[in-house]
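Protein chains in written order, with the working numbering: chain A, 9 to 549; chain B, 154 to 764.
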């Protein structure tokens with residue numbers, strides 16, 4: 009055929025009808041379809057075309073088959089959820105009522121106006137989709153923004169290049185494929201771990217991991233535990249060591265204020281008592297100090313002051329409770345402090361030290377784990393406590409750290425003598441003195457279980473202390489069943505010796521009752537009848 | 154033993170059924186769902202495959218998904234971890250989709266099987282993406298042993314692999330890993346020139362002959378490094394697909410002088426030059442890769458698969474270079490073919506079943522006619538139920554009639570036999586026309602296929618006459634090789650044709666088969682032999698007898714963006730919408746003038762969108 013001779017027809021523009029098939033010269037064997045009803049022009053359209061007899065099961069497969077569910081299922085689930093919310097009470101109850109109302113309305117709507125219910129369902133579905141997207145963003149986006157860059161940095165530092173982004177100078181960009189045996193072995197799994205390619209610097213990886221751990225740890229120790237800002241201590245020629253004066257630090261749970269005389273007290277004081285004030289000096293160890301997990305007002309000293317002023321502060325009476333205490337102090341430290349500072353013109357002095365303190369020598373701050381200067385890093389605090397102090401714990405006593413029973417007994421004797429001397433010294437300058445021994449958790453909880461202090465080391469020490477003190481004219485109170493039935497161990501005690509908020513609360517009331525019972529000076533100042541028995545009956549907390 | 158292979162969730166989802174190693178059925182989901190490049194779980198294709206194979210409810214022995222979804226997820230996460238905090242939006246789009254669908258593909262397949270009445274398969278397999286491709290390349294090939302090259306965008310991590318196959322065993326040796334992918338590089342240019350990624354690549358390839366390779370040096374200097382062994386490294390500073398939805402970024406745009414071309418806007422010389430340039434670079438890489446494959450495997454034959462293996466220009470060059478004695482390319486080289494490869498992988502590689510090499514000629518693909526077919530009775534029932542006039546003709550008579558119509562420059566829509574598996578129409582669902590007509594390319598593009606005027610058409614030629622028309626390629630049964638039209642048949646083109654309007658340029662007569670001669674005198678060849686497609690062979694023979702030309706235009710039976718027709722009703726719908734003059738449904742022949750009126754309620758663009 010000659011090229012380009014015949015112009016192209018455009019059949020859509022108006023095709024010429026061809027001859028009927030039966031009129032063809034060779035048409036003897038032609039067969040025509042025989043439609044039952046010939047369609048009128050314009051009758052067929054893409055939509056009206058009837059499909060042929062094929063793909064029956066394929067069409068079935070496309071049909072969405074929803075599992076049939078009873079009509080009461082969703083309302084029931086909705087009501088159960090709503091009921092649970094109502095049962096939770098509080099604000100949940102409001103949500104529960106709203107949910108129950110929605111379920112009721114939707115159930116009613118489905119029964120009466122199914123189309124309207126379908127519209128609502130679609131609306132809820134769209135809402136759910138958006139909610140899902142929003143939730144996705146809230147959860148995934150922060151994760152991406154935090155983990156992604158960190159992973160990128162880490163990979164970069166360790167020399168990893170999983171995408172070979174920096175490999176353009178490689179002599180070849182092929183990598184060896186996995187062995188076929190391994191592939192076949194893993195052919196039933198949706199996941200197959202990739203072989204690690206070379207080029208990673210594992211030493212760098214280790215260093216980076218350590219560095220990352222160090223930094224993350226520093227952040228946690230600093231901002232969660234506040235270890236970058238520990239309480240500071242200093243040596244003292246009289247009492248061995250004490251808290252540095254004028255400290256005010258905020259910890260994750262509490263606030264510690266130390267005044268000019270190293271007392272845990274909210275303001276500075278002078279040895280001269282203000283006029284018209286009933287001053288109580290409390291001397292003790294870490295149990296009186298109360299730990300950094302409390303604020304000043306939550307310690308039993310703070311509570312005693314607050315409650316005395318509340319209960320007995322009428323008529324312009326004022327009460328001042330000055331706690332002089334330092335972590336890990338023993339009787340010799342306390343004695344030293346009183347030797348130097350006296351009793352601050354107190355009307356009543358209370359020594360609130362557990363009997364277990366009698367085994368503590370008069371060591372300096374160097375023998376403790378406590379910090380003398382502010383550390384640069386929170387890790388320094390951990391290092392001091394966990395490493396350095398860990399090897400020096402001998403200095404802070406505890407009987408089992410002595411070389412022999414004889415050595416320990418010598419120390420106990422020294423401690424008992426310290427308490428006796430402390431009492432005698434206080435008596436010289438203070439009209440009244442009381443000794444209170446705080447029950448330890450071991451004793452207290454044994455008591456809770458009804459087995460009293462059997463086998464307790466502290467009770468044994470107390471039994472050594474009490475006769476000596478009595479001989480010197482002092483009575484040490486040891487309310488071993490004070491906490492019985494008044495809370496769980498976790499509620500009452502922070503650890504084996506130190507009280508939690510509730511423990512301080514109970515102990516404060518106990519001490520007040522003791523003051524009322526024992527201190528005639530207090531009763532007089534407070535204008536109470538001078539009968540301890542009558543008072544005890546009328547003012548028990 | 155029945156093994157069902159499935160590929161899904163990315164693009165071109167498909168299912169394939171093999172029984173005792175024989176391919177029983179295979180089809181893309183788009184043929185059923187009528188959504189081009191349908192990526193959803195191939196519910197229709199799976200169901201049809203099992204029905205076609207008469208597989209009973211408890212006779213399905215294994216299901217094979219064509220890749221490892223969770224390994225892909227880890228690649229995704231690792232990629233994000235290397236670009237964060239950039240890529241948040243992409244991450245927020247991508248990861249929920251994984252968590253919702255892709256991570257649970259096994260369960261979804263089981264659920265579907267259960268719905269359609271099948272018991273849970275005895276075994277579930279997840280070979281790797283490129284293993285599936287490699288298996289689809291080697292196991293159905295006619296070679297006892299061969300080198301294997303697979304290349305596509307990306308699988309789990311691998312983008313390109315080289316391996317070898319021997320008997321019933323294959324092994325991948327080296328791989329090029331994400332993101333350094335020749336497929337993604339090509340897709341980046343597809344995106345930049347305004348075509349759709351994952352579907353417009355073949356348009357870019359068709360556009361290349363109109364341009365000049367002016368950007369080759371810039372691409373090589375700035376965008377990538379290519380080693381002599383064919384391995385590539387992409388400079389990710391120029392690409393956007395690591396951390397966003399775009400393939401390219403501003404730096405890439407600055408490099409090539411402006412933003413990407415807007416889809417459907419006019420094509421300019423720049424796009425043509427870019428197409429040519431990236432085609433040259435791609436061919437260079439593929440040639441080097443092929444040489445390296447030959448060197449490290451020592452095999453004399455080559456099998457190829459993966460999306461890049463659909464670049465028939467590069468394929469033709471590999472063949473012509475003589476690196477290998479012979480080259481066989483999987484006709485469904487894209488992800489669809491992964492379904493078939495996955496099933497074959499399990500049969501041969503995992504279960505160790507032998508290949509029956511006595512049946513290896515011409516190959517094991519059955520001419521790629523693995524999809525649904527329709528009997529004359531089914532066609533008749535369809536025609537009669539719709540009141541459609543048609544004439545039944547026995548084969549000889551039909552072929553003579555078609556030859557006459559084709560000679561008269563009529564356009565013929567042909568539905569016969571089983572639907573093709575893969576993206577190419579190979580004469581089972583094809584539009585045929587006279588290759589001698591100078592204006593046929595423009596006419597078919599604009600009035601029949603409603604697609605861009607520059608796009609070329611492929612010839613089908615009787616294999617025994619291929620040497621008369623083409624320089625070197627004389628056997629290309631799956632339309633995957635490009636060769637030059639014989640110089641003796643070519644006419645000198647207008648010197649100034651680059652200045653012509655695109656339609657005029659296309660319509661320049663370059664040979665005595667101008668409708669299938671591209672502007673660079675090349676043609677994407679399909680040779681037709683009796684073994685694979687005897688009925689098409691007969692049509693060509695009839696045309697040859699009538700005109701002296703054993704060659705016709707063959708293009709897919711669809712309009713732009715429509716999946717290739719599958720059923721007679723699809724074919725009739727396309728026939729009535731377009732400039733096709735004659736429709737052949739098996740032995741039933743329909744002519745346009747005889748047809749009842751046709752009322753379009755909406756345009757085909759609305760139905761299919763633009764690709």
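Cβ atoms here follow ideal geometry from the backbone N, Cα and C, with glycine treated the same way. Small disclaimer: the values here were computed from a predicted structure and weren't measured.
Judged by beta-carbon spacing, residue 314/B lies beyond the 7 angstroms limit of residue 298/B, meaning their Cβ atoms are not closer than that value. If you look at residue 274/A, you'll find it isn't in any alpha helix (DSSP H); DSSP assigns it neither H nor E. For residue 535/B, the chain A residues whose C-beta falls within less than 7 angstroms of its own C-beta are 60, listed in chain order. Between residue 318/B and residue 291/B, the C-beta gap is smaller than 7 angstroms, which places the two residues in contact. A residue is called buried once 16 or more other Cβ atoms fall within 10 Å of its Cβ, and residue 211/B, having fewer, is exposed. The beta carbon of residue 349/B sits closer than 6 angstroms to those of 764, all from its chain and outside the five residues before and after it, given in chain order. Within chain A, the residues whose beta carbon sits less than 7 angstroms from that of residue 539/B are 52, 57, 58, listed in sequence order. Between residue 570/B and residue 66/A, the C-beta gap is not smaller than 7 angstroms, which leaves the two residues out of contact. The beta carbon of residue 670/B does not come within 7 angstroms of any beta carbon belonging to chain A, so the residue lies off that interface. Contact between residue 556/B and residue 699/B holds: CB atoms are separated by about 4 angstroms, below the 8 angstroms threshold. Nearest Cα to residue 579/B within the set 461/B, 562/B, 336/B, 610/B: 610/B. Just measuring C-alpha positions, the residue of 136/A, 329/A, 441/A, 296/A sitting nearest residue 312/A is 329/A. Per DSSP, reduced to three states, the secondary structure at residue 249/A is strand. In the DSSP assignment, residue 475/A falls outside any beta strand (DSSP E) and within the unbroken alpha helix (DSSP H) covering 465-480.
For residue 722/B, the C-beta contacts it makes with chain A under 7 angstroms involve 57, 59, 60, in order along the chain. Listed as beta-bridge partners of residue 386/B by DSSP are 378/B. The C-alpha of residue 115/A lies about 53 angstroms from the C-alpha of residue 227/A. For the region 522-600 of chain B, the continuous beta strand (DSSP E) assignments of 3+ residues that do not extend past its boundaries occur at 565-568, 582-587, in sequence order.
A Cβ of chain B is located within less than 7 angstroms of the beta carbon of residue 152/A. Here the alpha carbons of residue 471/B and residue 419/B stand approximately 33 angstroms from one another. For residue 389/A, the nearest beta carbon of chain B is not closer than 7 angstroms to its own beta carbon. Looking at 283/A, 260/A, 196/A, 220/A, the one whose alpha-carbon comes closest to that of residue 238/A is 260/A. Contacts between residue 213/A and chain B, judged by CB atoms closer than 9 angstroms, are missing: the closest CB pair is about 15 angstroms apart.
The straight-line gap separating the alpha-carbon atoms of residue 533/A and residue 378/A is approximately 40 angstroms. In this structure, residue 326/A and residue 344/A do not form a Cβ contact; the two beta carbons are roughly 30 angstroms apart against a cut-off of 8 angstroms. In this model, residue 157/B and residue 351/B are separated by some 25 angstroms (Cα to Cα). With 16 or more other Cβ atoms inside 10 Å of its own Cβ, residue 670/B counts as buried. Listed along chain A, the residues sitting closer than 8 angstroms to residue 388/B by beta-carbon distance are 176.
Residue 232/B and residue 171/A have their C-alpha atoms some 7 angstroms from each other. Against residue 181/A, the close residues of chain B are 329, 333, 380, 384, 385, 386, in the order they occur along the chain (beta-carbon pairs closer than 7 angstroms). Taking 7 angstroms as the cut-off, the Cβ atoms of residue 558/B and residue 735/B count as close.
C-alpha of residue 650/B to C-alpha of residue 675/B: approximately 16 angstroms in a straight line. The C-beta separation of residue 608/B from residue 356/B comes to about 6 angstroms, placing the pair in contact by the 8 angstroms criterion. The contact set of residue 346/B on chain A, defined by CB atoms closer than 7 angstroms, is empty, because the minimum CB distance reaches about 26 angstroms.
Fully contained in the region 307-378 of chain A are the following alpha helix (DSSP H) runs of length 4 or more, in chain order: 308-320, 339-349. For the region 503-518 of chain A, the set of residues with a beta-carbon nearer than 9 angstroms to any beta-carbon of chain B is empty.
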